[in-house]
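Participant: In case it helps, this note's numbering puts the sequence shown at residues 1179 to 1340.
This is the structure I have questions about; it appears just below.
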Amino acid sequence: MRLLGLDPGLRVTGWGVIAVEGNRLSHVAHGTIVPPAGAMADRLAALARGLEQVIATHRPHEAAVEETFVNRNPASTLKLGQARGVALVTPARAGLPVSEYAATAVKKALTGGGHAGKQQVALMVATLLPGVDATADAADALAVAICHAHHGTARALMEAHG
């Protein structure tokens, strides 16, 4: 099964695709989508087109999106929420089940602690997916995909032993 992880942002959206076979994870691809500066609608449309291309190229079976971090600036939070909306609806329109995870849940799944720094998350991504050298945004997206894989494995175990 292929999982797409997304770390939405208006300036940079990270994406990562992993393959899951049993409890084995392997790296498929990762990258970033950087919408051009300009009108909000144009930026969001560019983000959607970029995500559509990633989905068409890598054919994931499911997607997972990191929840928006609410900061002190309401305008920034609202803008980030718009990018997150595109990150949720684009895979859904492609027919993929979409899950959402809080940043603390992603960090806890990878490092055991919900308040790990970006460097610690990137180090664990590199440990779990040897040979991967990703930017911070792409590493965060791979972390979301790994978190989803761990939650999916736990869900499958619970259903099997229900």
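Every residue, glycine too, gets a C-beta built ideally from N, C-alpha and C.
(1) Report the start-end ranges of each alpha helix (DSSP H) in the segment 1198-1276 that is 4 residues or longer and not cut off at the edges.
(2) Are the beta-carbon atoms of residue 1203 and residue 1240 separated by less than 7 Å?
(3) What is the residue span of the beta strand (DSSP E) that residue 1182 lies within?
(4) Counting only the same chain and skipping the five closest in sequence on each side, list residues whose C-beta sits under 7 Å from that of residue 1327.
(5) In chain order, what residues of the same chain lie with their CB nearer than 6 Å to the CB of residue 1243, ignoring the 5 residues before and after it?
(6) Considering only the beta carbon of each residue, do residue 1246 and residue 1259 sit closer than 7 Å?
(7) For residue 1192, does the count of other Cβ atoms within 10 angstroms reach 16, so buried, or fall short, so exposed?
(8) Can you tell which of 1302, 1207, 1212, 1309 has its C-alpha closest to the C-alpha of residue 1233?
(9) My output table needs one value for residue 1305: the three-state DSSP class, helix, strand or coil.
(10) What is the DSSP secondary structure of residue 1282, counted as helix, strand or coil?
(11) In whole angstroms, give me the CA-to-CA distance for residue 1213 and residue 1189.
(12) Give the DSSP-derived three-state secondary structure of residue 1299 in the structure shown.
Facilitator: Once the coordinates are examined:
(1) Restricting attention to alpha helix (DSSP H) runs no shorter than 4 residues, the segment 1198-1276 encloses them at 1218-1236, 1252-1271, ordered along the chain.
(2) No; because the gap between Cβ atoms is not below 7 Å, this pair is not in contact.
(3) It spans 1180-1185 - the beta strand (DSSP E) in which residue 1182 sits, taken as one unbroken run.
(4) When the five nearest sequence neighbours on each side are left out, the beta carbons in the same chain lying within less than 7 Å of the beta carbon of residue 1327 are those of 1181, 1196, 1198, 1203, in order along the chain.
(5) Excluding sequence neighbours, residue 1243 sits near 1184, 1265, 1266, 1278.
(6) A contact, by the Cβ cut-off of 7 Å.
(7) Burial call: buried.
(8) Proximity to residue 1233 across 1302, 1207, 1212, 1309 peaks at 1207, based on C-alpha coordinates.
(9) Here residue 1305 sits in helix by DSSP.
(10) Looking at residue 1282 - three-state DSSP - the assignment turns out to be helix.
(11) The alpha-carbon atoms of residue 1213 and residue 1189 are separated by roughly 6 Å.
(12) Three-state result, residue 1299: helix.
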